[in-house]
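Have a look at the structure below, then the notes.
Protein chains: 2
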Amino acid sequence: MSSAPAKLTATERFLRTCRGEAVDRPPVWLMRQAGRYLPEYREVRKGVTFLEMCRDVDRAVEVSLQPIDLVGSEAVIMFQDIFTPIPAMGVDLDFAPGPVLAEPIRSAEQVDKLRVPEPRESVPFVFEILKTLRRELEGRQVPLLGFAGAPFTLAAYMVEGSGSKDFAHVKRMMYREPEILNALLDKLTESSVGYLNAQIEAGAQAVQIFDTWAGLLTAAEYREWVLPRHQEIAQRVNRDQAPLILYINNGAHLLDDSVESGVDVLSLDWRVDLADAARRHGQRVALQGNMDPSVLAAPPEKIAAMVRDLARDAAPAKGYVANLGHGCLPGTPVEGVRAFTEAVRSL
Amino acid sequence: MSSAPAKLTATERFLRTCRGEAVDRPPVWLMRQAGRYLPEYREVRKGVTFLEMCRDVDRAVEVSLQPIDLVGSEAVIMFQDIFTPIPAMGVDLDFAPGPVLAEPIRSAEQVDKLRVPEPRESVPFVFEILKTLRRELEGRQVPLLGFAGAPFTLAAYMVEGSGSKDFAHVKRMMYREPEILNALLDKLTESSVGYLNAQIEAGAQAVQIFDTWAGLLTAAEYREWVLPRHQEIAQRVNRDQAPLILYINNGAHLLDDSVESGVDVLSLDWRVDLADAARRHGQRVALQGNMDPSVLAAPPEKIAAMVRDLARDAAPAKGYVANLGHGCLPGTPVEGVRAFTEAVRSL
Chain H
15 MSSAPAKLTA TERFLRTCRG EAVDRPPVWL MRQAGRYLPE YREVRKGVTF
65 LEMCRDVDRA VEVSLQPIDL VGSEAVIMFQ DIFTPIPAMG VDLDFAPGPV
115 LAEPIRSAEQ VDKLRVPEPR ESVPFVFEIL KTLRRELEGR QVPLLGFAGA
165 PFTLAAYMVE GSGSKDFAHV KRMMYREPEI LNALLDKLTE SSVGYLNAQI
215 EAGAQAVQIF DTWAGLLTAA EYREWVLPRH QEIAQRVNRD QAPLILYINN
265 GAHLLDDSVE SGVDVLSLDW RVDLADAARR HGQRVALQGN MDPSVLAAPP
315 EKIAAMVRDL ARDAAPAKGY VANLGHGCLP GTPVEGVRAF TEAVRSL
Chain L
15 MSSAPAKLTA TERFLRTCRG EAVDRPPVWL MRQAGRYLPE YREVRKGVTF
65 LEMCRDVDRA VEVSLQPIDL VGSEAVIMFQ DIFTPIPAMG VDLDFAPGPV
115 LAEPIRSAEQ VDKLRVPEPR ESVPFVFEIL KTLRRELEGR QVPLLGFAGA
165 PFTLAAYMVE GSGSKDFAHV KRMMYREPEI LNALLDKLTE SSVGYLNAQI
215 EAGAQAVQIF DTWAGLLTAA EYREWVLPRH QEIAQRVNRD QAPLILYINN
265 GAHLLDDSVE SGVDVLSLDW RVDLADAARR HGQRVALQGN MDPSVLAAPP
315 EKIAAMVRDL ARDAAPAKGY VANLGHGCLP GTPVEGVRAF TEAVRSL
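If you read the protein sequences in the order shown, they are chains H and L.
Residue numbers for the first sequence follow the working numbering, so the first one is 15 and each next one is one higher.
Residue numbers for the second sequence follow the working numbering, so the first one is 15 and each next one is one higher.
Shown next as structure tokens:
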């Protein structure tokens, strides 16, 4: 890290890290950092539904920005849901509190009917939120992240009709009616690419795709069904303008294959051995993660020690973004989150 | 396999496989094979609660035996729940349908008060079920399995008070009050050893421990909190009389460490790369698993092809028991289960 410029802004540090360029120390942010664990978030959230909150530009901007000052995060991710672009495809969707479809997608006819909308028209509030955030952040030199749900995860919910422990319906479709699932994944990939590029145009300086359910698959299934979609997104997203981060939940067994996706940064679940990942893949892809969010309930000195372990483990990687291995939990003590970011800052 | 005796009973094939001795082909059974996917099971289950069913010797024996003739399973596992021995420890527990504690275990005082009961007195029906099953099976030469929940999984439920997505309370205890969790794990380990040995005395020819939630831990946490309990169980269970099988749900990242447990057979989650496990660990420990239960919804010829792949992948192991990587799902087509066992028989 000897060739790092003397004084980096948070934006420079984050973007250089994503691209594997020299920095002074790792940047830090937390998945689901704008969330219920923050009293100030709960205050803004009062009296509105989750969906209303997603569409309310002022409220969404406010909670997106809260983690900078309240917990010392060094990046802002827009407040939004991975299902935001889905209703405009022609899907009747509600949150209860997870996504619930009025009619699960099970037939070729249903997939045929799905539209791939122009996101600037179908969900204009997303781009207003991003533009507003970017303006707010310009003076503070903090980077802005956009995001989208990965095609397989969206498809899993859409086929199942809701969240599920086993997602047996999507796997059944995989083995019984692969052409329907393929057509659905094609449309969702198309939609994701357009959605992410529109976010970059609106000001996102990096984008992350969340594959929450790909970890349910075997490595062979991942290679057949999911990896080609990750690769297509990596090829078609404007990565010259905004590096692409891929997070696979519970995907320790998919690590070696996910490196083939071609993304700039792999965001690792806490079950992944970070030292092993950094040693074997860290010169090919930058890494992000991967502290178990439950550890934020530990005493501050324990958190600090674990942050130092993470940094040591990640050292062989060309770039490392300190983060959690999963979203911040609703019951997380705020002081634990602060201890986490402070420990990274003092590395 | 050239030195395998010419004609093996199902019991011989199973026990020889667990001990890594030569056999003609892998034996086959399925986790949660006595379950709701079977109409005949649902018939017996009618009009009784899950708890009543566990304590009703006739009904429990009947559903335990069903999978032999109905789906061609080659081993019987007694119908029972991993929580069966817990109420007698002094815990107020109900099923709704998962285990729910009236009062979660959170204090040292609560752990102190927990008893380690003599299972033959506290849950006599378990041993009646086993003895009856053993008599029924003697003529059929089918092996009988007992089982217990692993200490960490039982502790996770007891501290949380119910099932949970994150089990944040048990992890909080791990980092904030490790001595309470250690004391709880000590008592549960003691209880598990006594319970398993009593099952073996009552006729179980092999026993399996189920660690449903250990997969929530990092490898470092597994080594510190769980592995010593697995090792203690492996040392104290009468393995001369009954081989010991260890199943860790969602534990692909714990494979290398779990080999150190000293059990006879590792039962693998479907996310584990079976070929890699067999190559690296198969001469030290026999393997069981690991087809994704969702695959049983595939067409029979696809299931048969995947069974052949499993057998090929497992070939380097000294012993291989064909099974699923998780319990049979309620919606599984019976013909898929039959296709699975038939494919193994024709290997």
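Beta carbons: idealized from backbone N, C-alpha and C, even for Gly.
Everything numeric in this text was worked out from a predicted model, so none of it was measured.
I need the boundaries of the alpha helix (DSSP H) containing residue i, first residue and last residue.
{"i": "tyrosine 209(H)", "result": "192-215"}
{"i": "serine 78(L)", "result": "71-85"}
{"i": "threonine 31(H)", "result": "24-32"}
{"i": "tyrosine 55(L)", "result": "53-59"}
{"i": "isoleucine 317(H)", "result": "314-328"}
{"i": "glutamine 124(L)", "result": "122-127"}
{"i": "glutamine 63(H)", "result": "Note on identity: in this sequence residue 63(H) is threonine, with glutamine being the wrong assignment. Here threonine 63(H) belongs to no alpha helix (DSSP H), and DSSP marks it neither H nor E."}
{"i": "alanine 289(H)", "result": "288-295"}
{"i": "aspartate 270(L)", "result": "269-272"}
{"i": "alanine 248(H)", "result": "241-250"}
{"i": "serine 136(L)", "result": "133-136"}
So residue i is in the beta strand (DSSP E); what residue range does that whole segment cover?
{"i": "glycine 350(L)", "result": "Looking at the DSSP string, glycine 350(L) is not in any beta strand (DSSP E); the run it does join, the alpha helix (DSSP H), is 348-359."}
{"i": "serine 281(L)", "result": "279-281"}
{"i": "leucine 107(H)", "result": "107-109"}
Should residue i be flagged as near chain L, meaning a C-beta pair shorter than 8 Å?
{"i": "histidine 244(H)", "result": "no"}
{"i": "tryptophan 284(H)", "result": "yes"}
{"i": "glycine 49(H)", "result": "no"}
{"i": "arginine 293(H)", "result": "no"}
{"i": "aspartate 306(H)", "result": "yes"}
{"i": "asparagine 264(H)", "result": "yes"}
{"i": "aspartate 225(H)", "result": "no"}
{"i": "aspartate 287(H)", "result": "yes"}
Since residue i sits in a beta bridge, which residues does DSSP pair it with?
{"i": "asparagine 337(H)", "result": "Asn304(H)"}
{"i": "glutamine 222(L)", "result": "Phe161(L), Ile259(L)"}
{"i": "valine 42(L)", "result": "Ala336(L)"}
{"i": "leucine 115(L)", "result": "Leu107(L)"}
{"i": "isoleucine 91(L)", "result": "Leu159(L)"}
Quick check on residue i - is its C-beta less than 8 Å from some C-beta in chain H?
{"i": "leucine 343(L)", "result": "yes"}
{"i": "alanine 233(L)", "result": "yes"}
{"i": "serine 16(L)", "result": "A caution first: serine 16(L) carries a pLDDT of 47, below 50, which makes its placement in the model too unreliable to give a value."}
{"i": "alanine 36(L)", "result": "no"}
{"i": "valine 62(L)", "result": "no"}
{"i": "alanine 311(L)", "result": "yes"}
{"i": "lysine 185(L)", "result": "yes"}
{"i": "tyrosine 261(L)", "result": "no"}
{"i": "lysine 21(L)", "result": "no"}
{"i": "tyrosine 189(L)", "result": "yes"}
{"i": "alanine 212(L)", "result": "no"}
{"i": "alanine 182(L)", "result": "yes"}
{"i": "lysine 375(L)", "result": "Only positions 15 to 361 of chain L appear in this structure, which leaves residue 375(L) out of reach."}
{"i": "arginine 316(L)", "result": "Reading the sequence as shown, one finds lysine at residue 316(L) and not arginine. It does; some Cβ of chain H falls within 8 Å."}
How many whole angstroms separate the CB atoms of residue i and residue j, which I take to be in contact at a CB cut-off of 8 Å?
{"i": "alanine 233(L)", "j": "leucine 158(L)", "result": "At roughly 34 Å, the Cβ-Cβ gap does not stay under 8 Å, so alanine 233(L) and leucine 158(L) are not in contact."}
{"i": "valine 279(L)", "j": "glycine 341(L)", "result": "With a Cβ gap of about 17 Å, valine 279(L) and glycine 341(L) do not count as contacting."}
{"i": "phenylalanine 109(L)", "j": "glycine 163(L)", "result": "Incorrect: roughly 14 Å between the Cβ atoms, too far for contact."}
{"i": "serine 205(L)", "j": "valine 114(L)", "result": "About 20 Å; that fails the 8 Å criterion."}
{"i": "arginine 73(H)", "j": "valine 58(H)", "result": "5 Å"}
{"i": "alanine 292(L)", "j": "proline 330(L)", "result": "4 Å"}
{"i": "arginine 285(H)", "j": "alanine 266(H)", "result": "4 Å"}
{"i": "proline 40(L)", "j": "alanine 325(L)", "result": "6 Å"}
{"i": "serine 275(L)", "j": "histidine 295(L)", "result": "Contact doesn't hold; Cβ gap of about 11 Å is too wide."}
{"i": "valine 42(L)", "j": "serine 87(L)", "result": "7 Å"}
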